Amino acid sequence: MLRPLAAAVVLAATLSACDGSKGGTSISINSTDSDGNVVADLNGNSGALSIDTPGFSGKINLPKLHLGASDFDMNGVHLYPGSTISAMNIDAHDGGKPGKDDDSGTVRISFASPAAPATVRDWYMQKLSAAGFTLSASGSGLTGTTNEKKPFKLDLAPDGADKSKGTITVS
5 MLRPLAAAVV LAATLSACDG SKGGTSISIN STDSDGNVVA DLNGNSGALS
55 IDTPGFSGKI NLPKLHLGAS DFDMNGVHLY PGSTISAMNI DAHDGGKPGK
105 DDDSGTVRIS FASPAAPATV RDWYMQKLSA AGFTLSASGS GLTGTTNEKK
155 PFKLDLAPDG ADKSKGTITV S
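Residues in the sequence shown are numbered from 5 upward in steps of one, following my numbering.
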């Protein structure tokens, strides 16, 4: 179930927002099911894409990929306006038991926002709470659950005057 999601993310990301300017977004996918392990890695600095699946392995060079606020969505909520994604890591595992929901995984998004951590945290608290997340403040970030009761964490840190770097982790 998670393997098609991982493939769709790579395809959608590859088709959007590519150019040859400064460093781009890095994407890594590690997916395991009864057929084996699939690993894909797109280097945001070079555009090099490597894929290793059962029966196929290869490397190609693509234009650098630049993902921003509108390229990521959590239950209808995009990243803080003006944010840029530096890395996306997807770790998905299919338990392989028919009729059982035993898939597991983690999605981790690293990003930079053009606002101070408190401003970004408050914005996410408002938007994600309205989208059904259950959240509480935790330092300069948030912890809680998604609308599907999956663990959610937002870590934020200052990155200069009125800027922040953050990581969203959903398990």
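Even glycine gets a Cβ: it sits at the ideal position worked out from N, Cα and C.
Since we're looking at a predicted model, the values are computed, not measured.
DSSP state of residue i mapped onto helix, strand, coil
i	result
T88	strand
T138	strand
P155	strand
L66	coil
S108	strand
D126	helix
D45	strand
S74	helix
P121	helix
S144	coil
D131	According to the sequence as given, residue 131 is Lys; it is not Asp. Correct three-state label for K131: helix.
N34	strand
T171	strand
A165	coil
N79	coil
T4	Since the first residue shown for the chain is 5 and the last is 175, residue 4 is missing from the structure and cannot be characterised.
S114	strand
R7	Reliability fails at R7, whose pLDDT of 41 lies under 50, so the model's placement of it is uncertain and the value that follows must be treated cautiously. Residue state, collapsed to three classes: helix.
The ligand COA heavy atom lying under 7 Å from the CB of residue i
i	result
S142	This structure lacks the ligand COA, and indeed carries no ligand of any kind.
Short Cβ contact (8 Å threshold) for residue i with residue j
i	j	result
L83	L66	no
S175	L160	no
T88	A116	yes
K63	G51	no
N47	S30	yes
V81	K157	no
G27	N49	yes
Option nearest residue i by Cα separation, candidates the options
i	options	result
T110	S142, T36, S87	T36
M129	N47, K68, T150, I113	T150
N93	F76, G40, D163, P85	F76
P121	S114, L132, S61, G170	G170
K153	S133, D163, G164	S133
S108	A91, T147, P155	P155
D126	S114, I55, I113, S142	S142
D163	T173, T147, V124	V124
Minimum Cβ-Cβ distance from residue i to chain B less than 8 Å
i	result
G145	No chain B is part of this structure, which consists of one protein chain only.
Pairing CB atoms from the region 90-99 with CB atoms from the region 137-150, are three or more of them under 8 Å? no
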